[in-house]
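Student: What follows is a single structure, and I will ask about it in a moment.
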Amino acid sequence: MIMNTLKITMTRMLIIALIIGASASVAFGLAIGDYRSHATGPANWTTPGSWDIYTTGGWEQSTTTYPGGTGSTAGAAVNIRENHTITDTNDITTTVTMGTLTISGTLSIPGGTNANTILFDLKTPHVEVTQNLGTIYFAAKYAELLLPAGVTISVYAGTPNGLTAEGACNAFKVIYVGTTATKYVSCNGGGATYSFADIMGTTLLNLSVSASPMTICILDTTDLTATVGGTLAGSATFQWSATGPGTVTFTPSSTNQTPTASFSTAGSYLITCLAA
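Residue numbers (the numbering used here): -6 to 269.
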């Protein structure tokens, strides 16, 4: 999904599963080449043994590759597990674009006492900080994370960890998007730069979605509702989309806050709402 980079920090996207004419469940599948953290650590990102890799035989500790490194699988999902910490002692520049980076433990950005000490350059289209579990920790006065243009970042309201920092907040604990010339987030924010508090959904935009009913027969419809809160709720725009075996029609339109959805074919569908 292509998004305005200026709005990535104000976006909340939720997915619901609608079962049409059948009974089924939806699960997140693993793919060959996916990674998960191996042990509690702290462990270095660029050390292969810091990771397990999913193979045809299941999870095995990696001996040759790490996420985003040479020889890794493009699009591979990466999961830092609960109570695990991944960091590094050197710059990280991933050369292979990963899939979603899910942080249920801690991604620790080490940095240093001077600018440009260590830069984490992680090529992923989406960073998901798991609610009430995950942390991106900026562990020094100068701690810098670079993400690609078009990235989406989800750090949900009510997450006590989310984005955290060592010592006092400043403008040098930072997330860049696209290039290091484009600062979008810093610990204390200011001007056109969002603060950590903004990103964690406390002041901007939050979204929840629902469908009624969740299970329907073919030719029936279901009513969708997007509920928003936060200081930008009054100016929010919406975009509904769907994937599944058939065509989904949103009435009166896919940009309506409360559309009705109809389905051309029986099966399981994923309905996505994007608010910005």
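We treat Cβ as the ideally placed atom computed from N, Cα and C, and that holds for glycine.
1. What do you reckon, are the CB atoms on residue 193 and residue 143 nearer than 8 Å?
2. Would you kindly report the start and end of the unbroken alpha helix (DSSP H) that includes residue 190?
3. Under a three-way DSSP split, which group does residue 184 fall into?
4. Taking only three categories from DSSP, how would you classify residue 97?
5. Are residue 112 and residue 84 touching if we call contact CB-CB under 8 Å?
6. Does the separation of the CB atoms of residue 217 and residue 204 fall below 8 Å?
7. Kindly list the residues whose CB is nearer than 6 Å to the CB of residue 56, restricted to its own chain and excluding five residues on each side of it in sequence; keep chain order.
8. Between the beta-carbon of residue 88 and the beta-carbon of residue 70, is there less than 8 Å?
9. Give a yes or no on whether the C-beta atoms belonging to residue 82 and residue 34 are separated by under 8 Å.
10. Could you tell me if residue 65 is buried or exposed, where buried requires 16 or more neighbouring beta carbons within 10 angstroms of its beta carbon?
11. Taking its Cβ as the centre, do 16 or more other Cβ atoms sit within 10 Å of residue 209, making it buried, or is it exposed?
12. Please report the distance separating the alpha-carbon of residue 139 from that of residue 212.
13. Would you report the Cα separation of residue 53 and residue 31, rounded to the nearest angstrom?
14. Among residues of its own chain, excluding the 5 on either side of residue 266, which ones have a beta-carbon nearer than 6 Å to its beta-carbon?
15. What span of residues does the beta strand (DSSP E) with residue 159 cover, start to end?
16. For residue 264 and residue 46, I'd like the C-alpha separation in whole angstroms.
Tutor: The structure says:
1. no
2. 189 to 192
3. coil
4. coil
5. Their beta carbons are under 8 Å apart, which means residue 112 touches residue 84 by this criterion.
6. yes
7. 41
8. No, the Cβ-Cβ distance between residue 88 and residue 70 is not below 8 Å.
9. Going by C-beta atoms, residue 82 is not nearer than 8 Å to residue 34.
10. buried
11. buried
12. 47 Å
13. Pairing residue 53 with residue 31, the inter-Cα distance amounts to about 9 Å.
14. 202, 219 and 233
15. Unbroken run through residue 159: none, as it is neither H nor E.
16. 30 Å
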